[in-house]
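Participant: Below are the structure tokens for one structure; questions will follow.
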Amino acid sequence: MKPIKQVTFKKKNKDHLYFDLVDLSSIIHLKPSDHNQFEHHKVSFYVMVFISKGEGIHNINYQDYSYQKGTIFTLRKNNIHKFYKSEASGKILVFTEDFIIKYSDKFETLKLFQLFNEMLSAPKIQLNSSEFEEIRKIVLQINIEFSNSNDSYSTPIIRSLVQVLILKLLQIKSKSNTNFDNKNYHLKFTKLQELIEKECFESKKVSFYAEKLGVSSKTLNNITQSIVGKSTKAFIDEILILQIKRLIINSQLSLTEIAYHVGFDSPTNFFKYFRKRTQLSPKEFKELNQ
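Using UniProt numbering, the letters of the sequence shown correspond one by one to residues 1 to 290.
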């Protein structure tokens with residue numbers, strides 16, 4: 001099995017550092033020299049896919065999502081995705097965190113990137129007709145500025161428009177997801193998520209993360225219940241399963257070696273843990289994604 005390719009951001013010119021805007025159709029018909037867009041690949045930047053016409057399927061973190069006119073996908077950096085062949089039309093916005101945070105304070109940046117956090121909500125948004133028209137106009141204005149920029153104002157204007165776009169999408173998502181409005185816990189939740197993603201192979205215990213963050217296990221459970229509606233243990237398991245999936249697909253380790261690498265005391269316990277949470281054995285998951 002080939003390792004997953006990590007795709008890095010390529011700066012095209014000095015005027016648009018950290019940002020690019022491309023047609024979906026050009027990506028579908030492109031023949032990249034460094035990766036295959038129809039195979040799983042990891043992105044080292046943020047991605048927003050806006051579907052303006054047609055339908056198809058897109059895979060994000062090993063899950064297929066159907067799309068149609070008005071679908072938006074959001075991927076944070078280090079997510080894994082792949083395209084399927086399609087005749088759909090749309091725009092793909094890609095940018096690094098530097099593009100957003102250069103002129104944003106910490107809280108504003110945190111709020112902006114809530115949209116891209118697949119642990120807070122699904123990476124798919126389906127717009128209704130009025131929402132679609134509103135978002136389409138913002139994307140069109142970004143495209144105009146990006147295509148016709150000849151002065152020093154274009155990049156700040158594009159950055160501001162992207163921020164407006166993200167905030168509008170957050171507003172749309174918040175209508176059905178109150179998680180985005182809980183300001184008290186978001187910073188703590190983000191720190192917890194980052195710590196779990198870094199340490200989940202070392203420990204799966206809530207108490208481990210509570211001690212690391214200097215709070216009680218009860219407080220951590222309050223945070224995760226408030227933000228994502230699940231216990232901290234369930235949240236740890238969700239992140240761990242995704243990390244295991246990435247290892248199964250992206251490493252040359254055997255399944256037995258992976259079991260020990262991710263902190264299980266026996267392959268049998270690892271296999272039971274994985275099947276209970278995915279309804280597949282590690283071997284079945286590997287075969288489905290070859």
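Quick reminder that beta carbons are idealized off the backbone N, C-alpha and C, glycines included.
Roughly how many angstroms separate the alpha carbons of Leu187 and Leu110, rounded to a whole number?
Facilitator: Rounded to the nearest angstrom, the two C-alpha atoms are 8 Å apart.
Participant: Under 7 Å Cβ to Cβ from Cys200, same chain only, skipping five residues before and after it: list those, please.
Facilitator: Cβ within range, chain order: Ile236, Ile239, Leu240, Gln243.
Participant: Would you be able to state if there are at least three C-beta pairs under 8 Å between the segment 80–91 and the segment 46–61?
Facilitator: Yes, they touch.
Participant: For Lys286, which residues from the same chain have a beta carbon less than 6 Å from its beta carbon, with the 5 sequence-adjacent residues on both sides left out?
Facilitator: Ile248, listed in sequence order.
Participant: In the segment 91–146, which residue ranges form an unbroken alpha helix (DSSP H) of at least 4 residues, counting only runs that do not cross its ends?
Facilitator: The qualifying runs are 97–101, 106–114.
Participant: Taking only three categories from DSSP, how would you classify Thr74?
Facilitator: It is a strand residue.
Participant: Which term fits Tyr209, buried or exposed, when burial requires 16 or more other beta carbons within 10 angstroms of its beta carbon?
Facilitator: So Tyr209 counts as buried.
Participant: Out of Leu213, Arg76, Gln225, Phe83, point me to the one whose CA is closest to Asn36's CA.
Facilitator: Comparing Cα positions, the closest option is Phe83.
Participant: Would you check if the segment 111–124 and the segment 163–179 touch, i.e. whether three or more CB-CB distances between them fall below 8 Å?
Facilitator: At 8 Å Cβ cutoff, the stretches touch.
Participant: Considering residue 291, what are the terminal residues of the alpha helix (DSSP H) in which it resides?
Facilitator: This structure cannot settle anything about residue 291, because the visible part of the chain is limited to 1 through 290.
Participant: What does a CB cutoff of less than 8 Å around Ile138 pick up in its chain, not counting 5 residues either side in sequence?
Facilitator: Cβ within range, chain order: Leu161, Val164, Leu165, Lys168.
Participant: Would you mind reading off the limits of the beta strand (DSSP E) that contains Val228?
Facilitator: Element bounds for Val228: not the beta strand (DSSP E) but the alpha helix (DSSP H), 217–228.
Participant: Under the assumption that Ile60 contacts Phe73 (Cβ atoms under 8 Å), give the Cβ distance between them as a whole number of angstroms.
Facilitator: With a Cβ gap of about 7 Å, Ile60 and Phe73 count as contacting.
Participant: Out of Ile258, Asp23, Leu127, which has the shortest C-alpha to C-alpha gap to Tyr67?
Facilitator: Here the closest residue by C-alpha is Leu127.
Participant: Determine the direct distance from the alpha carbon of Ser154 to that of Gln252, and round the result to whole angstroms.
Facilitator: The straight-line gap from Cα to Cα measures roughly 45 Å.
Participant: Go ahead and label Gln279 buried or exposed: buried means 16 or more other beta carbons lie within 10 angstroms of its beta carbon, across all protein chains shown.
Facilitator: Exposed, since its Cβ has fewer than 16 Cβ neighbours within 10 Å.
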